Every structure is written in structure tokens, then in C-alpha cells.
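J.: Can you keep this structure in mind? I'll have questions shortly.
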Amino acid sequence: MASETSSASAGAIKTGDFANVGRAAWWQRGFFASQTAYVAAALLAIVIVMALMSPAFLSAGNVANVAKNFSFIGIVTLGMTLVIVTGGIDLSVGSVMALSAIACAMAMQALAGTGLGSVPFATMTLAIAAGLGVAVLVGLTNGLLVARVGLSPFVTTLGMLSIARGLAYAVTEGRGQTPAGPDIDAFYAFTDGTILGVPMAVVYLLGLAAILGVVLHHTAFGRHVFALGGNEKAAALTGISVERVKVSVYVLCSLSAGFAGILMTGWLGSAPANLATGYELTIIAAAVIGGANLAGGMGGPAGAVIGALLIEVIRNGLVLAGINAYWQIVLVGMIIILAVLVDRLRSGRAA
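Under our numbering, the residues of the sequence shown are numbered 701 to 1051, in order.
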């Protein structure tokens, strides 16, 4: 009888009185407890302040300009986030943007005078493939050097930054390359057109972010990416192909950079050799601000998009306020340090 009473009491305790013990409030769980949520709240506050300070901030033209500018950074930040989640870094993305854009423009020029010019969309398709192929080659080189040879990601990609930028200047002799040929109108529509008034770059960004979200959170590859960032040795012991995953994320990062560079070519109307110079810092800043941990194991597409948008909103606000553009560089560095500090403090409280 006593044992039955004890069992009943235990059941009551298990399902009743202490059901909420240790359960955090809703704003301390899931997305709301993440750095991405804090950054989203900060972004909203900054947008409100900017709108109050400058009526031009929310004008249709300025909103379209902000959307297009941040999309190029955002697309590459998606790829950078993948690399950072594994505990790596890629400093070559800005140079890859330039080299891929130049390869695409030069391929269009070369194919314009061939028989392929009479085939609809052939020159454009092959030129884009050439630009992306260059990006894949760079990413594959980075990945193999890091994963197979065991070189430091920082040193490897820093060297590739110089190599890719040097090649961009060498093959063009410092002159910008303009895409040309029978498919030029289709190329501009693909890279700089709109769908229902939304710039194509924004459409691509949102589509790629959605795909990355599914891949990271609902596929074995995504679990392997997070596992590498959490504990690479433990991931290897569980049977994960560390080398293959590492190479894959560097290739995807370079692909995102190459694609963004090609889109910028359509936006600018040419591919200058100095395209995206210094973008590496902004892209890494966007990823870190969005919640990607430089030590690995944390990050996602939502944070990448919000981080890139926050930086562009601040940059645009500084321009509208008439503040010297050089201060933007200072601000980006300060934001990186602040984001890392906030993440450290948040992690300390969680522990």
C-alpha cells in the first residue's frame, strides 16, 4: 500500500507540481535567445532612427538601393557562414568576386564572334559557367590545402586573396572588362533585372538563404558541418568525412563569391579589376554580427542576411547624414569587436 502511494506521489510530482522547474521564459529560448534575434531588434531600432532623421531613407529609390547593395554582400555571407561554422575562414572572397566577374565578361566577349552567337542564351550561359568555374577552382584549391595538406585557413586564403587579385589585374592589364554579345540584354535581365519590382539580387539572396536553411538543419551534410565546428576530432571518430565536408564548404563559399561578382558585373555594366576590394572584412563582419562564431559550431542563413542588411543600413545612413565615407571602415571594425563581445557575454551568462 505504501509503495503504491509513493508511486502515485512520484507520478504526481513528475507530471504536475514541478513541470516548469528549469524551464526558461519564452524570450530566453530558441531564436529569441540567439544573437540573431538581438541583431534583428537592433536593425529595427536603427531603421526607425534613420527614418526619423532622414525622410529620404525610406524613399522607394533609397530602399531599392539598400536592398540591391546588401544583397551582394549577403550572398557571399551565406557561403562565408558555412566556412565559419566549420571553424575556418576565407579571406579570398573579394578577390574571387573580381576574378569570376572578369572571367565571365571576357568569356562573353570571346564567344560573341563564334557560331554560338546565333544560339539563344548560349554565350550568356557559357560565360556565367566560366565565371563560376573559376570560383570552383579557387574554392577547391583552398579546400584541399586546408583539409588535405593541413595548412592554416587564414594563411591559405590570405595567399589566395593575393593570387586571385593579381590574376585579375594581370589578365586585364588593369582595365575593366565589359560584357558584350548577342545575349547582353538577357545577361542584364538575369543579373540586374527585377521580378514584380524586386531586384534580382534580392530574389537570389532570399532563395539561396532558404536553400541553405534547409541544408543546414534538415540534411546529413548540415549536421556534419555543425559537427566539424563543434569538435572536429569527435566528428572524425563518428565516421564523418572531415576532408570532404571541409572541401565542400570552401567550394560553396567561393561559388557564392563568384555568383555575387557576376551579379555585380550586370549592376555596374563592367567588371573592373578592383571590384570588391576590401569586401572580405565586411562579409566576415556580417557573418559574425549575424551570430556565426569564429570558433565554429554556430551560424545560420538568417543571421547572415540580417548581419549584411544591418551593415548596409548603417553605411547608407552615414551617407545620407553626410559623414565621411572613410568612417565606415572604422565602424565595421568596431561592429565586429562589439558583436564578438556580445556573443562572449551571452555565452558566459548561458554557462
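Beta carbons are placed, not taken as given, at the ideal position from N, Cα and C, and that holds for glycine. Every value quoted in this text rests on a predicted model; they were computed, and no experiment measured them.
(1) Sorted by chain position, which residues of the same chain lie with C-beta nearer than 8 Å to Gly876's C-beta, five sequence neighbours on each side aside?
(2) Who are the near neighbours of Thr965 in its chain, counting only those whose CB is closer than 7 Å to its CB and skipping five residues on each side?
(3) In its own chain, which residues sit with a C-beta less than 7 Å from the C-beta of Thr857, not counting the 5 before and 5 after it?
(4) With burial defined as no fewer than 16 other Cβ atoms inside 10 Å of the residue's Cβ, what is the status of Pro853: buried or exposed?
(5) Which word fits Asn993, buried or exposed, when buried means at least 16 other C-beta atoms lie within 10 angstroms of its C-beta?
(6) Cα separation between Leu811 and Met797?
(7) From Asp883 to Leu778, what does the alpha carbon distance come to, in whole angstroms?
(8) Return the bridge partner residues of Ala971 from the DSSP annotation.
(9) Between the segment 822 to 839 and the segment 749 to 768, do at least 3 Cβ pairs fall closer than 8 Å?
(10) Among Val1030, Ala868, Val902, Gly990, which one has its Cα closest to the Cα of Ala960?
(11) Please classify Thr894: does DSSP put it in a helix, a strand, or coil?
(12) Give the DSSP-derived three-state secondary structure of Pro853 in the structure shown.
(13) Pop quiz: Val947 and Thr786 are said to be a contact at Cβ under 8 Å. What is the actual Cβ separation, rounded to whole angstroms?
(14) Hey, is the segment 1000 to 1017 in contact with the segment 766 to 773, meaning 3+ C-beta pairs nearer than 8 Å?
(15) Should Glu873 be labelled buried (16 or more other beta-carbon atoms within 10 Å of its own) or exposed?
(16) Hey, quick one: how far does the alpha helix (DSSP H) through Leu743 stretch, first residue to last?
(17) Using DSSP with H/G/I as helix, E/B as strand and the rest coil, what is Gly779?
(18) Would you mind giving the Cβ-Cβ distance between Thr736 and Ala987, rounded to the nearest angstrom? I have them listed as a contact below 8 Å.
(19) What three-state label does DSSP hand Pro820 in the structure shown?
(20) From what residue to what residue does the alpha helix (DSSP H) around Pro1001 run?
(21) Are there 16 or more other CB atoms within 10 angstroms of the CB of Asn1024, so buried, or fewer, so exposed?
(22) So if DSSP puts Pro882 in a beta bridge, which residue, or which two residues, is it bridged to?
T.: A quick look at the data gives this:
(1) Ser970, Ala971, Pro972, Ala973.
(2) Ala801, Cys804, Ala805, Pro879, Thr891, Ala971, listed in sequence order.
(3) Result list for Thr857: Ile789, Asp790, Leu791, Ser792, Asn842, in chain order.
(4) Buried, by the Cβ-count rule.
(5) Around the Cβ of Asn993, a 10 Å sphere holds 16 or more other Cβ atoms; the residue is buried.
(6) Straight-line Cα distance between these residues: approximately 21 Å.
(7) The alpha-carbon atoms of Asp883 and Leu778 are separated by roughly 29 Å.
(8) Paired residue(s): Gln877.
(9) Cβ pair count under 8 Å is below three, so no.
(10) The shortest CA-to-CA distance from Ala960 to any of Val1030, Ala868, Val902, Gly990 is the one to Val902.
(11) In the three-state reduction of the DSSP assignment, Thr894 falls in the strand class.
(12) Per DSSP, reduced to three states, the secondary structure at Pro853 is helical.
(13) Wrong, their Cβ atoms sit about 11 Å apart, outside the cutoff.
(14) By the Cβ test, the segment 1000 to 1017 is in contact with the segment 766 to 773, since at least three Cβ pairs between them sit closer than 8 Å.
(15) Counting the other CB atoms within 10 Å of its CB gives Glu873 a total below 16, which places it among the exposed residues.
(16) Here the alpha helix (DSSP H) through Leu743 covers 735 to 753.
(17) In the structure shown, Gly779 falls within a helical segment according to DSSP collapsed to helix, strand and coil.
(18) With 8 Å as the limit, Thr736 and Ala987 do not qualify as a contact, their Cβ atoms being about 11 Å apart.
(19) For Pro820, the secondary structure class from DSSP, reduced to helix, strand or coil, is coil.
(20) Going by DSSP, Pro1001 is part of the alpha helix (DSSP H) stretching over 1001 to 1020.
(21) Burial check for Asn1024: the Cβ neighbour count within 10 Å stays below 16, so the residue is exposed.
(22) DSSP, once it has assigned bridges, lists no residue as partnering Pro882.
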